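Undergrad: Under the working numbering, the letters of the sequence shown match residues 13 to 486, in that order.
My questions will all concern the structure given below.
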Amino acid sequence: MDVTDRWWATAGSGLVFVIIGVLAERPALLLAAAGLGAWILATAAVAGRTFTQAYDRTTVTYTLGADDTLVDTPIIATVSLSRPNTRTTLPVTVQATTPPGVTTEAGDQTLSLAPGDTEDTMEFTVTASISGRFEFPKPIITLHDPLGLYQTHVEWETTPTVTVRPPTPDLHVGRGGERVDSAYGQHQSDRPGPGVTIRELRQYVPGDDVQQIDWNATARLAETYIRETEGETDRRTTLIIDHRSQMGVGRDGETMLEYAREVGIGITRAAATRDDPLGLRTVGDDGLTNIVQSGTSDQTYAQIESRLYGLVPTTADSSSGGRTAREARERSDRLTDDETPFARILGAYLRDQDPYVTRIRDDPLVGTVRSVRNQVGADDVLVIVTSDTDPTTVTEAVKAAVRGGGRTILFLTPQCLFEPAGLTDLDVAYDQYRTFETLRQDLDTHPRMTALEIAPDSRVDAVLAHRRMSSTTR
13 MDVTDRWWAT AGSGLVFVII GVLAERPALL LAAAGLGAWI LATAAVAGRT
63 FTQAYDRTTV TYTLGADDTL VDTPIIATVS LSRPNTRTTL PVTVQATTPP
113 GVTTEAGDQT LSLAPGDTED TMEFTVTASI SGRFEFPKPI ITLHDPLGLY
163 QTHVEWETTP TVTVRPPTPD LHVGRGGERV DSAYGQHQSD RPGPGVTIRE
213 LRQYVPGDDV QQIDWNATAR LAETYIRETE GETDRRTTLI IDHRSQMGVG
263 RDGETMLEYA REVGIGITRA AATRDDPLGL RTVGDDGLTN IVQSGTSDQT
313 YAQIESRLYG LVPTTADSSS GGRTAREARE RSDRLTDDET PFARILGAYL
363 RDQDPYVTRI RDDPLVGTVR SVRNQVGADD VLVIVTSDTD PTTVTEAVKA
413 AVRGGGRTIL FLTPQCLFEP AGLTDLDVAY DQYRTFETLR QDLDTHPRMT
463 ALEIAPDSRV DAVLAHRRMS STTR
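As structure tokens, this is what we get:
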């Protein structure tokens, strides 16, 4: 409980009585000061009891028009203040504030009830300029006593939260340009059966049940394919997201990391819907950047979403001397026709495989995958989201993931479809996409591995449409 300026003025009057009474030797003024002091103490006791009763009878409701929205999209916040229809003379106010990163058009979000009023409501617009999960500060209730001598500030118990997402990209998830309806799937086990959940498409081999033949896929692909089904069971999933500097390729808001984040958010929400245990590891240029242990609580899912929304591409350490296999190969090829002694020595160094072994061992993605696979059970699932920038490293990460059992789902972004300049040469883009698709198919052949592409849907369509048109005109 705090005192107001009026209390200080009243107490000051009592002090003046004391000073004058002593100097003028007037006992009556001293008695008046003592009486005033006793009155102040009595009003303090009454105010304390009154504040407690008034707070118990006061109800504050603070809600948002949506619990999930997009960056720079306004939503309505509503604050309601109410109390029983009793003869109360206490004025009460409630002040609502917004968290950092969330702004409002109104300068002061304060709602007041005058003596005798029982309820009131206010609305204001809030907008988040960044993505993430925001918990609004608790509203502050302020109670004043009828004499204006005391006031108290109390936090209300409940407060709203909102998840703010970046603009949703035109996300394509699939194989070879063919969209996959459900990349995450349902609860699965290793025992195929007449069941419940479609696992994946594969070529027919002698001995397979003909009832499992997918005739639509068979007609489309000109070869016989079947779809396996799986029994249902709980599973623990660990999500590994690559946000190294290479994932920053792309236009603003359309980088490979933005698409990787969208996949991660989708998996998180699918796991939350099914109460599947989910954990998170995020990988930067220098190693692990986030660890969220596997769990099924709302707090775990919210923490994972928050970490995903906060990801930005890390900065590569140029002093480390690391190079991708693609970079080493390109540099070596440029030196092929150079016959100088320096070129011969440098070319041999670039073709040397010893640095590759060290690089793979030190690669943060490979190391993270290997560490997680050693920590989780054989029935657990790893979900890896990365790019094709370094095919050799991705292949090593896949080998580490499938080693020791357990299923792995790989989401791979083709860098050729994320270049900021766009698809300037569709023939070149298609050739690069074919190279990517060959890599994806090779990775998909590993045991217990599903390799999928994630890319801008419009660019995938443009590349494939150009190829179809070129084929028909020849």
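Built from N, CA and C at the ideal position, the CB exists for glycine as well.
Note that the structure is predicted; figures quoted are calculated from it, not measured.
Can you tell me where the alpha helix (DSSP H) with residue 417 in it begins and where it stops?
TA: Element bounds for residue 417: n/a, residue is neither H nor E.
Undergrad: Check for me: the beta strand (DSSP E) holding residue 318 runs from which residue to which?
TA: Per DSSP, residue 318 belongs to no beta strand (DSSP E); it is in the alpha helix (DSSP H), 310–321.
Undergrad: Among 120, 177, 116, 150, which has the Cα closest to the Cα of residue 144?
TA: 177
Undergrad: Going by DSSP in three states, residue 275 sits in which element: helix, strand or coil?
TA: Of the three classes helix, strand and coil, the one that applies to residue 275 here is helix, per DSSP.
Undergrad: According to the neighbour-count rule (16 or more other Cβ atoms, all chains shown, within 10 Å of its Cβ), is residue 440 buried or exposed?
TA: exposed
Undergrad: According to the Cβ coordinates, are residue 427 and residue 407 closer than 8 angstroms?
TA: no
Undergrad: Taking the DSSP output, what are the residues bridged to residue 283?
TA: Answer by DSSP bridge pairing: none, since residue 283 is not bridged.
Undergrad: Compare the C-alpha of residue 380 against each of 290, 94, 300 and name the closest.
TA: 300
Undergrad: Tell me whether residue 165 is buried or exposed, calling it buried when 16 or more other Cβ atoms sit within 10 Å of its Cβ.
TA: exposed
Undergrad: Can you name the start and end residues of the beta strand (DSSP E) that residue 324 belongs to?
TA: Unbroken run through residue 324: none, as it is neither H nor E.
Undergrad: How many Å lie between residue 452 and residue 446 at the Cα?
TA: 10 angstroms
Undergrad: Can you name, in chain order, every residue of its own chain whose Cβ lies under 7 angstroms from the Cβ of residue 413, other than the five neighbours on each side?
TA: 381, 385, 394, 396, 420
Undergrad: Would you say residue 70 and residue 91 are within 8 angstroms of each other, going by their C-beta atoms?
TA: no
Undergrad: Roughly how many whole angstroms lie between the Cα atoms of residue 210 and residue 270?
TA: Reliability of the predicted coordinates at residue 210 is poor, the pLDDT of 40 falling under 50, and the value obtained from them is presented with this limitation in mind. The alpha-carbon atoms of residue 210 and residue 270 are separated by roughly 28 angstroms.
Undergrad: Among 146, 422, 95, 315, which has the Cα closest to the Cα of residue 81?
TA: Answer by Cα proximity: 146.
Undergrad: Exposed or buried, which one is residue 375 when buried takes at least 16 other CB atoms within 10 Å?
TA: buried
Undergrad: Let me make sure I understand the geometry here. Which of 184, 135, 313 has the alpha-carbon closest to that of residue 424?
TA: 184
Undergrad: What first and last residue would you give for the beta strand (DSSP E) that runs through residue 147?
TA: 144–147
Undergrad: How big is the Cα-Cα spacing for residue 85 and residue 113?
TA: 13 angstroms
Undergrad: Closer than 8 angstroms by C-beta to residue 79: which residues in its own chain qualify, once you throw out the five before and the five after it? Chain order, please.
TA: 172, 173, 174, 175
Undergrad: Under a three-way DSSP split, which group does residue 455 fall into?
TA: helix
Undergrad: According to DSSP, is residue 372 part of a helix, a strand, or is it coil?
TA: Model confidence at residue 372 stands at a pLDDT of 48, short of 50, so the residue's coordinates are unreliable and nothing is read from them.
Undergrad: Going along the chain, which residues of its own chain have a beta-carbon closer than 8 angstroms to the beta-carbon of residue 267, five neighbours each way excluded?
TA: 259, 260, 261, 325, 430
Undergrad: Around the Cβ of residue 38, are there at least 16 other Cβ atoms within 10 angstroms (buried) or fewer (exposed)?
TA: Under this definition residue 38 is an exposed residue.
Undergrad: Output needed for residue 454: all residues of its chain with C-beta closer than 8 angstroms, excluding positions within five of it in sequence on either side, in chain order.
TA: 407
Undergrad: Should residue 251 go down as buried or exposed, given a rule of 16 or more other Cβ atoms within 10 Å for buried?
TA: Label assigned to residue 251: buried.
Undergrad: What does the Cβ neighbour count give for residue 295, buried or exposed, with the cut at 16 atoms within 10 Å?
TA: Taking a 10 Å sphere around the C-beta of residue 295, we find 16 or more other C-beta atoms and assign the residue as buried.
Undergrad: How would you label residue 28, buried or exposed, when you count the other beta carbons within 10 angstroms and need 16 or more for buried?
TA: Residue 28 should be labelled exposed.
Undergrad: Measure the beta-carbon distance from residue 307 to residue 289 and round it to whole angstroms, keeping in mind my assumption that it falls under 8 angstroms.
TA: 6 angstroms
Undergrad: Can you give me the Cβ contacts of residue 189 inside the same chain, cut-off strictly under 6 angstroms, excluding the 5 residues immediately before and after it?
TA: 472, 476
Undergrad: Tell me whether residue 127 is buried or exposed, calling it buried when 16 or more other Cβ atoms sit within 10 Å of its Cβ.
TA: Around the beta carbon of residue 127, fewer than 16 other beta carbons lie within 10 angstroms, which makes this residue exposed.
Undergrad: Just confirm the distance between the C-beta atoms of residue 168 and residue 151, as a whole number of angstroms; I'd bet it's less than 8 angstroms.
TA: Yes, they are in contact, since the Cβ atoms of residue 168 and residue 151 sit about 5 angstroms apart, within 8 angstroms.
Undergrad: For residue 242 and residue 280, I'd like the C-alpha separation in whole angstroms.
TA: Only weak support is given to the placement of residue 242: the predicted model assigns it a pLDDT of 49, under 50, and the question is left unresolved by the model.
Undergrad: Closer than 8 angstroms by C-beta to residue 460: which residues in its own chain qualify, once you throw out the five before and the five after it? Chain order, please.
TA: Taking residue 460 as the centre and dropping the five residues before and after it, the same chain places the C-beta of 414, 417, 418, 419, 420 closer than 8 angstroms to its C-beta, in chain order.
Undergrad: Roughly how many angstroms lie between the CA atoms of residue 438 and residue 481, to the nearest whole one?
TA: 11 angstroms
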